[in-house]
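Residue numbers for the sequence shown, in my numbering: 9 to 138.
In this text, a Cβ means the ideal position worked out from N, Cα and C, and glycines have one as well.
Computed from a predicted model, the values in this text were never measured in an experiment.
Beneath this line is the structure, given in structure tokens, with notes to follow.
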Amino acid sequence: MIILFNVIFRILHMLMVLMPSQNAFKIWLRQMAEDVLLMEHVAADIRLAGELFRLKSRYSGGGIASAELIAERILHSAAYRLGRAIFHGLPSRWPVWMIHELERRGAFIEEAFWCEGRSYGYQDACDYDC
Numbered sequence: 009m010i011i012l013f014n015v016i017f018r019i020l021h022m023l024m025v026l027m028p029s030q031n032a033f034k035i036w037l038r039q040m041a042e043d044v045l046l047m048e049h050v051a052a053d054i055r056l057a058g059e060l061f062r063l064k065s066r067y068s069g070g071g072i073a074s075a076e077l078i079a080e081r082i083l084h085s086a087a088y089r090l091g092r093a094i095f096h097g098l099p100s101r102w103p104v105w106m107i108h109e110l111e112r113r114g115a116f117i118e119e120a121f122w123c124e125g126r127s128y129g130y131q132d133a134c135d136y137d138c
């Protein structure tokens, strides 16, 4: 999924470079590129949190006790950013399956932290913008 987002971002960036500077289409491309970059970072954070949770379960010693806390924080932060983006219209600009896939992967790792972070991100965006 990270590779897909990276390819889409590179294509959008190349189109932005080729467009004239004051063009409405270029502004739209910039917004799409920012969305893709956000989804790429969320996907990378989900992957990192998953690896940390797997390390924690594999090595149940005391040396990796902080790995679980770091993974929880990373997962919560990724869900928070996705929740804010969803409030600001991410599903209206991108296919729903991309967002559902990110949510499925995040919830699969640790559903409680994922849902909490996503709802806090959505709520904070709503409170700030409303």
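Between Val44 and Leu23 a beta carbon distance of about 12 Å is seen, past the 8 Å cut, so the two are scored as non-contacting. In the structure shown, Gln30 falls within a coil segment according to DSSP collapsed to helix, strand and coil. Below 8 Å, enough C-beta pairs join the segment 104-120 and the segment 48-58 to call them touching: three or more. Taking a contact to require three or more Cβ pairs closer than 8 Å, the segment 123-132 and the segment 91-111 qualify as touching. By the C-beta density criterion, Glu80 is buried, having at least 16 other C-beta atoms within 10 angstroms. For Gly125, the CB contacts under 6 Å within the same chain, skipping 5 residues up- and downstream, are His84, Ala87, Tyr88 in chain order. Per DSSP, Pro99 is one residue of the alpha helix (DSSP H) stretching across 98-101. Under the three-state reduction of DSSP output, Met24 falls in the helix class. If you draw a straight line from the Cα of Ser74 to the Cα of Met9, it comes to about 27 Å. Beyond the five residues adjoining it in sequence on each side, Met47 comes within less than 7 Å, by CB distance, of Phe13, Met106, Leu110 in the same chain, given in chain order. With a 10 Å radius around the Cβ and a threshold of 16 neighbouring Cβ atoms, Glu59 comes out exposed.
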